[in-house]
Every structure is written in structure tokens, then in C-alpha cells.
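In the working numbering, the protein residues as written are 958 to 1169.
Below you'll find the structure, written out as C-alpha cells, and then a few comments.
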């Protein structure tokens, strides 16, 4: 299972920045975001490149590497990140046990570390809750210097599509709204998988959205 939670001052960041693929890994592309790096990075991981190799290739092959920020986790849980030298704001990253956090326009260099430490401290929780704990800790540690307007939670499990792909855009408290959205969605996440694979055996759960 691979996943990312993020908060951003940029609208539609959940559409551009987090990329995950079942059985492959995850890529984050940030700051002057080059959305092309997401699928390119996943393809590199799928061919056997390590997280370090993938991040290096993404930077070396980019037209403007000094402006970019990348992070990767590979199928073995190895992680890596890159922050371009021309990013003219407080930025950086921090790695932990099979996890990595990066940020730009952040209030202080301790924000990514706070995210990783919170994720690792939440081992007793589910994967999504751990990711949300990490991004909440980043905000508590100072977050971005600009107001957070968007948030997303993206998780890949076993299928070709994301198990979880939740996004909140242009809300006053997007991380709070993202957590509320996750609480609502959580009981139905397996339902949406079952309706693809075993539609003939499904029973509609109480409180389910009408289009199930």
C-alpha cells in the first residue's frame, strides 16, 4: 500500500502533485510543479529503479531542475527526495522508516521532520490516519507561509486505480474538511472495489451514496 496526504496553498494540488501506483510506489512532484514527473517517475519505479535512482533521473532529465522538488518511495520501502537549488524559499525534506516528507514555502525547516515523526508515532492507527496525522503535524509545526487552501489523500492498494482519492479545494480549513471527508468515505472504500470485481454479490450498506 502506498499513499500521500498533502496540504497546499495552490488550488487543485491533489490533481498535480501526488502520484501512486499499486505494486510500484509513489511520487511527489512539487514547486513549480511538473506534473509530467508523476507518471514518468512511476514508470521508472515500475522498471526497477530505486527511489534514489528515480529522483536522480527526474532531476537530471528535467528542463528546469533547479525549480523542482521531487520525492519517491519504491516497492521496497526505500525513500528519497530532491529540492532544487533555485527554490528561493524555505524548503526541504526529511526521511523516516519507509516514509518521506517534503515542503516548500514552509514556515521553518522543521516542518517535514514534524510530519515524519507524527506519521511514525501513529503506528497503531490505520494507514490513512497515519498519513493525515503527518500532514496535520506539518501544519501545527508552522505549515506554509501562505494560507493552506487545498488538501488531498491518495492511496493505492491492489488495483490499477487508487483505493482512496479524496480532494478538497479552496476551503478555509481544507485539512479539517479532508479528515471529515475521509471519515465519511472510509466505510465505503472496499465497496467501490467490490462493485468492480464482485458486483453480483454486493449488498448496499446502510447510509451508502445512492450511486453505488
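Ideal placement from N, C-alpha and C gives every residue a C-beta, glycine not left out.
Predicted model, so just to flag it, every value in this text is computed and none were measured.
Counting the other Cβ atoms within 10 Å of the Cβ of residue 992 gives fewer than 16, which makes it exposed.
Shown here, residue 959 sits in a strand according to DSSP, grouped into three states. Cβ-Cβ distances below 7 Å link residue 967 to 1107 in the same chain, with the five nearest sequence neighbours on each side left out; the list follows chain order. Per DSSP, the beta-bridge partners of residue 975 are 985.
Taking a 10 Å sphere around the C-beta of residue 1033, we find fewer than 16 other C-beta atoms and assign the residue as exposed. Residue pairing by DSSP places residue 1024 in no beta bridge whatsoever. When beta bridges are read from the DSSP output, residue 1048 appears opposite 1061.
Taken through DSSP and simplified to helix, strand or coil, residue 1031 comes out as strand.
Looking only at 1005, 1004, 1011, the smallest Cα-Cα distance to residue 985 is reached by 1011. Nearest in C-alpha terms to residue 1066, of all of 1051, 1089, 1014, is 1051.
Counting along the chain, the unbroken alpha helix (DSSP H) around residue 1018 starts and ends at 1008 to 1018. Its chain contains 958, 979, 1120 as the residues whose beta carbon lies nearer than 7 Å to that of residue 1114, once the 5 sequence neighbours on both sides are disregarded; these appear in chain order.
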